[in-house]
DNA sequence: CAGTTCAATGGCAGCGCTGCCAATTTCAAC
DNA sequence: GTTGAAATTGGCAGCGCTGCCATTGAACTG
């Protein structure tokens, strides 16, 4: 791979400073006791030599690991960047190092990546969602590290879960539509097989509508990841089949944005003629000419809290951070 | 940190399989020669024990490192998620592991993070931009690992640079405005001190205008990171001071989107009354009622190509991937 | 001033793996 | 059968650091 080798080692520093290796180690980690004079000497040697400790060696020699593995489904969705952001910010303060991988929403890939990161003996593995392959669960079960599942609490976590309930979010969205007096409601979603959380929302949503005597009028589920263009297309499809719908639930804000832009371009009055509601309350949806109704989800916070729980060595638990309905101007309130 | 210790080691596998440690190592890395019978026996033992190799130990013992450090300014800007995406995808195929950190556009923090990741003896460090503190440069200079600077080629790279020219992009934008016949041009930008690349675009842009005899009419530079609301606010400020401007160059598409939404909401005709052009050609800007004029930048590709160059152990070089003007409907062509 | 305590320090055995080298086996060609 | 080369294989010394234990003075006690 590359021939560099830490040119200078702790032993060099010890020699230069005229002290023992363990003393250098103690000073550098500020652990154990040593005199001020020694510290000064050691630091001078470190400075003079430009010594950078080798964490690989340090980690191998010590018990714990400063590594935290983070595995997300995707990076094209801002949702996961937010989570990542929250995690790394907090981890940094805890002197931990993040190792990172992307599954592309593929459970098999997730399993392979978990195996790969486990080889680095991380102190924790953070994953998104509660649905994982049997192999993934088995490996994590015997790995002896913390396992933190993010952005979902509808299920049984392996260890710690930090997030919110997608089923409750789906129900809350249905309630908003019921309260708004909508009766011909459609759903436009994205790849439901891979994004199990959007499936949970969708199911809870339709079930709640059903209970209120409002069967889902129509739906269009795109077979691809969520995007603005898919949202646009999905809404166009639905409108062609069912021109009489009065409200649409989009699987998330990217999709909703596509739908909203379609309405703007096609001159469909929102919310008079058609109500729109999304999910995630992305920043951009707060700034469109009409703010788009959505569900605000604690993404950065989830990452942050997850990292905090890990750093505090908290016991196994499920932390539900909740969500909140953002009214916006694309749905009427009764 | 945590008390887990790899319960079973390579020695256990060797014992179980009835072979030597080095043989197990050879089989597992598929390196060196061994018989099929041996392979079968070793793999059976690995399977039976659920052995996961310890890469920490492996890396310490061997020369090269499979680690690649990636340091980005931010994650809230999709631009960097794209780059990350391109890098990790390619790296994964090369059996490398990404370690990851975020600077928040802070050079001091970048320096600290470089020191931190260097402690992991990565085979390469990937950074964004060509401007780095003296300390950062010095450390990377002696680290003996590859250094890859992304998304900018306007300057002297330490080793490999993959990206495009922001100065050329700024000029191209000015040219588009000149060609469109705009004469009262304004700029709305974000924190120029921290985002040196946007500063390069801005400078080249104004200089080109100047050369064409069109001094910049007005500008508003927000002191914060780019965002939709800042773009909105910036344009509002400019319009208040200079209601007669006929075109605005936004520091990027997030800002431009804010400006565009402001126009939509305020009933300002685009591009008749006011032309808008951004930078990056984000997906969303291709789907607004009027696609927003912008500069398409090869972000995912930059990540990908950078990772490929690294994997191929390419010599030091600057790889300019170029960019392209996306006309959109928010600027008129003469 | 002897006896005790304790901060300050060095020595050294690993952590789990790889790389080198030597030993052993296999096999084709003679 | 033999012989030499090639294929297999095991042993073991580290990689650079930490953790444990022993050692050393110096400060303190009475």
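Residue numbers (UniProt numbering), protein chains in the order written: chain A, 1 to 334; chain B, 1 to 334.
For every residue, glycine included, the Cβ atom is placed at its ideal position computed from N, Cα and C.
These figures come from a predicted structure and were not determined experimentally.
Partners in chain A for residue i, counting only beta-carbon separations shorter than 8 Å
| i | result |
| --- | --- |
| residue 289/B | 261, 264, 265 |
| residue 258/B | 287 |
| residue 59/B | 56 |
| residue 232/B | 287 |
| residue 284/B | 228, 257, 284 |
Chain-order list of residues whose beta-carbon lies under 8 Å from that of residue i (same chain, five-residue window excluded)
| i | result |
| --- | --- |
| residue 321/B | 162, 163, 164, 298, 301, 302, 305 |
| residue 276/A | 247, 248, 250, 256, 259, 260, 263, 270, 292, 293, 330, 331 |
| residue 228/A | 254, 255, 257, 258, 261 |
| residue 338/B | Any question about residue 338/B goes unanswered here, given that chain B covers just 1 to 334. |
| residue 238/A | 186, 188, 218, 219, 220, 245, 248 |
| residue 50/A | 8 |
| residue 21/B | 10, 11, 14 |
Neighbouring residues, chain B, relative to residue i (Cβ below 9 Å)
| i | result |
| --- | --- |
| residue 413/A | Residue 413/A is absent from the model: chain A starts at 1 and stops at 334. |
| residue 116/A | 55, 92, 95, 97 |
Nearest-angstrom beta carbon gap, residue j and residue i [assumed within contact, 8 Å]
| i | j | result |
| --- | --- | --- |
| residue 53/A | residue 28/A | 6 Å |
| residue 102/A | residue 74/A | 6 Å |
| residue 67/A | residue 97/A | 6 Å |
| residue 169/B | residue 279/B | 7 Å |
| residue 120/B | residue 89/A | The pair is not a contact, with the Cβ atoms about 19 Å apart (cut-off 8 Å). |
| residue 152/A | residue 197/A | 6 Å |
| residue 200/B | residue 171/B | Not a contact, Cβ separation roughly 10 Å. |
| residue 307/A | residue 87/A | 5 Å |
| residue 232/A | residue 287/B | 6 Å |
| residue 61/A | residue 16/A | Contact flag wrong, Cβ pair sits at about 21 Å. |
| residue 284/A | residue 284/B | 7 Å |
| residue 135/A | residue 111/A | 5 Å |
6 Å Cβ shell around residue i - same chain, five flanking residues per side excluded
| i | result |
| --- | --- |
| residue 127/B | 71, 149 |
| residue 69/A | 99, 117, 122, 125 |
| residue 24/B | 10, 13, 14, 42 |
| residue 155/A | 130 |
| residue 4/A | Because the pLDDT at residue 4/A is just 39, under 50, the model does not fix this residue reliably, and the point stays unresolved. |
| residue 206/B | 216 |
| residue 82/B | 299, 300 |
| residue 2/A | With a pLDDT of only 35 at residue 2/A, under the threshold of 50, the placement of this residue in the model should not be trusted, and no figure is reported. |
| residue 39/A | 27 |
Contact set between residue i and chain A, taken where Cβ atoms lie within less than 7 Å
| i | result |
| --- | --- |
| residue 50/B | 142 |
| residue 78/B | 78 |
| residue 75/B | 81, 84, 85 |
Other residues of its chain near residue i: CB distance less than 7 Å, five sequence neighbours each side excluded
| i | result |
| --- | --- |
| residue 317/A | 160 |
| residue 296/A | 281, 323, 324, 326 |
| residue 85/A | 300, 303 |
| residue 65/A | 59, 121, 122, 123 |
| residue 34/B | 23, 26, 27 |
| residue 352/B | Given a span of 1 to 334 for chain B in the structure shown, any question on residue 352/B remains unanswerable. |
| residue 113/A | 71, 101, 103 |
| residue 115/B | 139 |
| residue 109/A | 103 |
For this session: For the segment 36-86 of chain B, list the beta strand (DSSP E) runs that are entirely contained and at least 3 residues long, ordered along the chain.
Result: 67-72
Exercise. Three or more C-beta pairs closer than 8 Å, one from the segment 187-204 of chain B and one from the segment 215-227 of chain B: is that the case here?
Worked result: yes
Exercise. On the three-pair Cβ rule with 8 Å, is the segment 170-188 of chain B touching the segment 246-253 of chain B?
Worked result: Put simply, the segment 170-188 of chain B touches the segment 246-253 of chain B. At least three CB pairs are less than 8 Å apart.
Problem set entry | beta strand (DSSP E) segments (min. 3 residues) lying fully within the segment 204-241 of chain A | 218-221
Exercise. What are the start and end residues of each continuous beta strand (DSSP E) run of 3 or more residues lying completely inside the segment 111-143 of chain A, in chain order?
Worked result: With a minimum length of 3 residues, the continuous beta strand (DSSP E) runs that stay inside the segment 111-143 of chain A are 124-128.
For this session: Take every Cβ of the segment 212-220 of chain A, pair it with every Cβ of the segment 167-186 of chain A, and state whether three or more of those distances are shorter than 8 Å.
Result: Taking one beta carbon from each stretch, the segment 212-220 of chain A and the segment 167-186 of chain A have 3 or more pairs nearer than 8 Å; the two touch.
Exercise. What are the complete alpha helix (DSSP H) segments, minimum 4 residues, inside the segment 292-322 of chain B?
Worked result: 299-311
For this session: Could I get the ranges of all uninterrupted beta strand (DSSP E) runs contained in the segment 139-204 of chain B, with 3 residues as the minimum, in chain order?
Result: With a minimum length of 3 residues, the continuous beta strand (DSSP E) runs that stay inside the segment 139-204 of chain B are 146-150, 160-163, 185-189.
Exercise. Which residue spans inside the segment 240-299 of chain B form an unbroken beta strand (DSSP E) run of at least 3?
Worked result: 247-250, 275-277, 294-296
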